[in-house]
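In this note's numbering, the protein residues as written are 304 to 794.
For each residue, glycine too, the CB sits at the ideal point set by N, CA and C.
These figures come from a predicted structure and were not determined experimentally.
Here's the structure, in structure tokens; my notes come after.
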Amino acid sequence: MWRGLSVLASRTTRAPSRLCVCLRSGAQSLAPGSTVFALSSGQGRCGIAVIRTSGPASGLALRSLTAPREPPPARSAALRLLRHPRSGEPLDRALVLWFPGPQSFTGEDCVEFHVHGGPAVVSGVLEALGSVPGLRAAEAGEFTKRAFAHGKLSLTEVEGLADLIHAETEAQRRQALRQLEGELGQLGQHWAETLTKALAHVEAYIDFGEDDNLEEGVLEQADKEVRALEVSLQAHLRDARRGQRLRSGAHVVVAGPPNAGKSSLVNMLSRKPVSIVSPEPGTTRDVLETPVDLAGFPVLLSDTAGLREGVGPVEQEGVHRARQRLEQADIILALLDASDLGSSSSCDFLDTVVVPLAAQRPDDGQRLLLVLNKSDLLPPEGRVPSPGLPPHLLLSCLTGAGLDDLLKALRTQLAAVCGDPSIGPPLLTRARHQHHLQACLDALSQYQPASDLALAAEALRVARRHLSHLTGGGGTEEILDLIFRDFCVGK
Ligand SMILES: Nc1nc2c(ncn2[C@@H]2O[C@H](COP(=O)(O)OP(=O)(O)OP(=O)(O)O)[C@@H](O)[C@H]2O)c(=O)[nH]1
Ligand SMILES: [K+]
Ligand SMILES: [Mg+2]
304 MWRGLSVLAS RTTRAPSRLC VCLRSGAQSL APGSTVFALS SGQGRCGIAV IRTSGPASGL
364 ALRSLTAPRE PPPARSAALR LLRHPRSGEP LDRALVLWFP GPQSFTGEDC VEFHVHGGPA
424 VVSGVLEALG SVPGLRAAEA GEFTKRAFAH GKLSLTEVEG LADLIHAETE AQRRQALRQL
484 EGELGQLGQH WAETLTKALA HVEAYIDFGE DDNLEEGVLE QADKEVRALE VSLQAHLRDA
544 RRGQRLRSGA HVVVAGPPNA GKSSLVNMLS RKPVSIVSPE PGTTRDVLET PVDLAGFPVL
604 LSDTAGLREG VGPVEQEGVH RARQRLEQAD IILALLDASD LGSSSSCDFL DTVVVPLAAQ
664 RPDDGQRLLL VLNKSDLLPP EGRVPSPGLP PHLLLSCLTG AGLDDLLKAL RTQLAAVCGD
724 PSIGPPLLTR ARHQHHLQAC LDALSQYQPA SDLALAAEAL RVARRHLSHL TGGGGTEEIL
784 DLIFRDFCVG K
């Protein structure tokens, strides 16, 4: 008993350090010796512009531009006259901040110059920094890359930061901030620890299973934990599409028979004249796509050609494209003319598109919102136009009646397909995350301690390696480049 436990303890502590070594060696290949500088605030005329440096020559850069005065104390702002180090010409009176490493964003020595935001000031200070020996202009994402290399940010946090910079809607911002705060990384780490513990148990059993000095049920315990982990990974993978949709936008496709008012609805939801509206049926031919913020969710809204048969070749191609786009939809906004439900194109659309979709369980994939437009044309009495119809909403693009209810229904559907970023566990936001989790699960399917313990232990090691790639990137430069490419210069 005693011997077994001490082995367990030593193995559980040793295993994570192996993991760290692999992460660190991945990061070290990125470790730069040079010092970089860039404008970190936006381009163009502005009140204040922030220029920063990172690297060992940052202190020299600060002294060169602020001589003869002493640099300010660490992490406190001070007003200084900036001069060109060669000509001595005054450039601006600026706030300067000195962040000695490792307590800085990148982990290296950093300086921030908060200058007046005129283009001549900015270019003058950048030029002055370029003249300091050992300094060069930063590449896109280089500050963040250095922060990753020095262990200041994990890869999932880097991705969260990129998403936060690009977030255009409230829900995107919430999801990105959670990822930047490290929630996804912590979850990955928790999973990796479970595997480390299970591995320690299996290895102990390999070494000491024959003696009966090992705690009883060690293998069963490992087995239980691995199976529970599998269930958890599978649940996250099932949810993976939601986080990705929230990151890149849910596909909402407006479809219906000709003249139902599809283009009118798209223009109303996007608040701009995306599509031509006319009384002539068959106006829209191509798929017209526009990004919109619907109730805080990012949406790619598509207008499509009215679905009908027996038309000329150009409109037929439009109908073909509309059907293709329908297949890619996360949410289908099926639109009909409420005053024209008896027409053959309305009946066809109801039979071939609406009824089959309405019969699906909502978790099975595409979601349907049936909307009867032109409610203003209905007689004031007898508002329900056709009793056998699946659940639907009434709308008038002409008067705006019913729009609030439609937006509310859309919000509910969007929250279901994108996930609500403010509650529940953090979502997988990229195909990369999905890939590593799937690889981990695949490895775990080889974990069969009943048949071969050595192979089972190897399966756990492989699975744990895949999880470490979630936050560590797996050391491949291409993946890192792909992620850092999302950043602008100065970030
Ligand atoms: N009365 C009334 N007319 C509407 C309403 N919505 C749209 N219309 C009119 O219906 C006609 C067709 O509208 P569109 O938006 O072009 O319809 P569509 O479904 O895109 O048509 P296609 O692209 O040809 O398939 C236009 O004359 C619109 O002004 C509505 O709520 N009430
Ligand atoms: K039309
Ligand atoms: Mg149209």
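Which same chain residues end up closer than 7 Å to residue i when comparing Cβ atoms and leaving out the 5 residues on each side of it in sequence?
i	result
Leu-747	Val-529, Glu-533, Ala-762 and Ala-766
Arg-383	Thr-369, Arg-372, Ala-397 and Val-399
Thr-409	Ser-357, Phe-446, Arg-449, Ala-450, His-453 and Lys-455
Arg-548	Asp-633, Val-720 and Cys-721
His-417	Ile-351, Val-353, Ala-397 and Leu-398
Val-577	Val-569, Asn-570, Leu-591, Thr-593 and Asp-606
Glu-471	Asp-596 and Pro-601
Leu-467	Arg-476, Ala-479, Leu-480 and Leu-483
Roughly how many angstroms separate the alpha carbons of residue i and residue j, rounded to a whole number?
i	j	result
Ser-535	Asp-526	14 Å
Leu-653	Pro-682	22 Å
Gln-537	His-493	16 Å
Ser-573	Ala-352	34 Å
Ile-634	Arg-733	20 Å
Ser-567	Val-602	17 Å
Thr-587	Leu-636	16 Å
Leu-673	Ala-558	10 Å
Val-435	Leu-713	56 Å
Leu-758	Ser-725	41 Å
Gln-346	Val-339	18 Å
Tyr-508	Arg-764	16 Å
Asp-679	His-554	29 Å
Val-505	His-739	23 Å
Glu-797	Leu-604	A query on residue 797 cannot be resolved here, the shown segment of the chain reaching from 304 to 794 and no further.
Phe-600	Leu-730	15 Å
Arg-664	Asp-412	56 Å
Phe-402	Gly-437	18 Å
Val-414	Ala-360	10 Å
Ala-641	Gly-552	30 Å
Thr-702	Ser-689	22 Å
Arg-366	Arg-386	10 Å
Val-622	Leu-644	20 Å
Lys-677	Ala-608	18 Å
Pro-375	Ser-407	16 Å
Val-580	Ala-625	17 Å
Exposed or buried, residue i, counting other C-beta atoms within 10 Å across all chains shown (16 or more means buried)?
i	result
Ala-330	Only weak support exists for where Ala-330 lies, its pLDDT of 40 falling under 50; the value from the coordinates is given anyway. Ala-330 is buried by the Cβ-count criterion.
Pro-616	exposed
Lys-500	buried
Cys-700	buried
Gln-627	exposed
Thr-715	exposed
Gln-482	buried
Pro-388	buried
Ala-364	buried
Glu-523	exposed
Arg-378	exposed
Leu-871	For residue 871 there is no data in the structure shown, the boundaries of the chain being 304 and 794.
Arg-541	exposed
Asp-745	exposed
Ala-753	exposed
Lys-575	exposed
Gly-433	exposed
Ala-531	exposed
Arg-355	buried
Arg-545	buried
Ala-380	exposed
Thr-655	exposed
In chain order, what residues of the same chain have a beta carbon less than 8 Å from the beta carbon of residue i, not counting five sequence neighbours either side?
i	result
Ser-457	Phe-451, Gly-485, Gly-488, Thr-774 and Gly-775
Asp-828	This structure does not reach residue 828, given that the chain is present from 304 up to 794, and the question cannot be answered.
Ala-661	Leu-671, Leu-673, Pro-693 and Pro-694
Val-424	Ala-352, Leu-394, Asp-395 and Val-418
Arg-477	Pro-724 and Ser-725
Leu-498	Val-529, Leu-532, Leu-763, Ala-766, Arg-767 and Leu-770
Give a single yes or no on whether residue i has its beta carbon closer than 6 Å to a heavy atom of ligand 5.
i	result
Ser-605	Absence of ligand 5 from the depicted structure is noted, with ligand 1, ligand 2 and ligand 3 being the only ligands included.
Near residue i, which residues of its chain fall below 6 Å by C-beta distance, leaving aside the five closest residues on each side in sequence?
i	result
Gly-427	Leu-394
Asn-562	Pro-584
Leu-797	Outside the shown range of the chain, which is 304 to 794, sits residue 797, and nothing can be said about it.
What residues match up with residue i in a beta bridge as DSSP calls it?
i	result
Trp-401	Val-414
Ile-354	Leu-342 and Phe-416
Val-798	Within the shown structure, residues of the chain are numbered from 304 to 794, placing residue 798 beyond reach of any answer.
Asp-395	Leu-385
Ala-479	Per DSSP, none; premise fails for Ala-479.
Leu-597	Phe-600
Cys-349	Gly-420
Glu-592	Ser-605
Can you tell me which residues fall inside 6 Å of ligand 2, judged by beta-carbon distance to its nearest heavy atom, and keep chain order?
If you measure from each CB to the nearest heavy atom of ligand 2, the residues under 6 Å come out as Asn-562, Ser-581, Glu-583, Pro-584 and Thr-586.
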